[in-house]
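Peer 1:
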Amino acid sequence: MSELLDPRAVRLAETAAGRDDAIRRCGAVLVEIGAVHPGYVDTMLDRERSISTYVGEGVAIPHGTLAGKDLVERDALAVLRFPGGVDWGGEPVTVCVAIAARGDGHVELLAALAEILLDEDRARELREATEPGAVIRLLGPIQEETKR
Amino acid sequence: MATINGRDIHKLVVACDAGMGSSVMLASTLRRQLGKTGVTVEHTPVNSIPADADVVVCHSGLAARARTVAPDKPIVPFQVFLGDPAVTRVVKAIQQGTDLHV
């Protein structure tokens, strides 16, 4: 089974001292699951410093720069939840959907995320999820359809 | 300041840095909103905006770079990835065939 969103990459009780720390946590998970080279994490920090990846509803989608693409081993996502919240340049962030992508394999999943964020109830469900299964269910349907 | 009529927009490009995150998300949302209009929505890195783009949407932090790469194209900068009023105006101009001032 090709796992764009590996259950091992869903961490729902994280803590971080600040935005950069949260991004390093996200990057560490992508490294741990073998999706990226450790050098990718610095490009995630670079990207965040130039343009925030905050997308609304308490969610940020940290990812690397164009230069960082070469450090991606395979397309993958990681979902990290910071129940205590992280100050993201003035916006409170609870959920990070970290992205590693060389190609367009993750496009459908991001489309699903965009729909969730435009729906207040589902956005809240994502922010309050405490079970990895719930997160995968929320983001999963489109991914499942593509696999068939 | 340039003006383009929504009916003259056939290809909308969301320009971004890496093309793997927020622009992908915005492009997917726009594709859904513009599905019935027949307008093509692409997301590309800001350095490779295609020549046949009729309008370019990009984060305000990238607008200067987009203007250097595509000086002859209408550029619409936005601040927020989902629900930005600048992007909503583009969608409306396309759907209603009205003028868009950029």
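Chains as they are written, first to last, in the UniProt record's numbering: chain A, 1 to 148; chain B, 1 to 102.
Backbone N, C-alpha and C define an ideal beta-carbon position, used for all residues, glycine too.
Computed from a predicted model, the values in this text were never measured in an experiment.
Let me confirm a value: residue 72 (chain B) is counted as buried when at least 16 other C-beta atoms fall within 10 Å, else exposed. Which label applies?
Peer 2: exposed
Peer 1: Compare the C-beta of residue 18 (chain B) against all C-beta atoms of chain A and say whether one is closer than 8 Å.
Peer 2: yes
Peer 1: So which residues of chain B does residue 56 (chain A) contact, with C-beta pairs closer than 9 Å?
Peer 2: 80, 81, 82 and 83
Peer 1: For the region 71-82 of chain A against the region 118-125 of chain A, do three or more pairs of beta-carbon atoms, one drawn from each stretch, fall closer than 8 Å, so that the two count as touching?
Peer 2: no
Peer 1: If we define contact as Cβ-Cβ less than 8 Å, is residue 59 (chain B) a contact residue for chain A?
Peer 2: yes
Peer 1: Assess contact between the region 12-21 of chain B and the region 39-52 of chain B, defined as three or more Cβ pairs (one per stretch) separated by less than 8 Å. Is contact present?
Peer 2: yes
Peer 1: Determine, using beta carbons only, whether residue 29 (chain B) and residue 114 (chain A) come nearer to each other than 8 Å.
Peer 2: yes
Peer 1: Does the distance from the C-beta atom of residue 84 (chain A) to that of residue 130 (chain A) stay below 8 Å?
Peer 2: no
Peer 1: Which stretch, first to last residue, makes up the beta strand (DSSP E) that contains residue 81 (chain A)?
Peer 2: Taken as a continuous stretch (DSSP letters only), the beta strand (DSSP E) holding residue 81 (chain A) covers 76-88.
Peer 1: Report the option in A:140, A:102, A:133 and A:93 whose CA atom is closest to the CA atom of residue 116 (chain A).
Peer 2: A:140
Peer 1: In the DSSP assignment, find the unbroken beta strand (DSSP E) run with residue 56 (chain A) in it and report its ends.
Peer 2: 54-56
Peer 1: For a contact defined as C-beta to C-beta under 8 Å, what are the partners of residue 77 (chain B) on chain A?
Peer 2: Residues of chain A passing the Cβ test: none, with the nearest at roughly 11 Å.
Peer 1: Report yes if the C-beta distance between residue 102 (chain B) and residue 4 (chain B) is below 8 Å; otherwise report no.
Peer 2: yes
Peer 1: State the Cα-Cα distance for the pair residue 17 (chain A) and residue 87 (chain A), rounded to the nearest angstrom.
Peer 2: 9 Å
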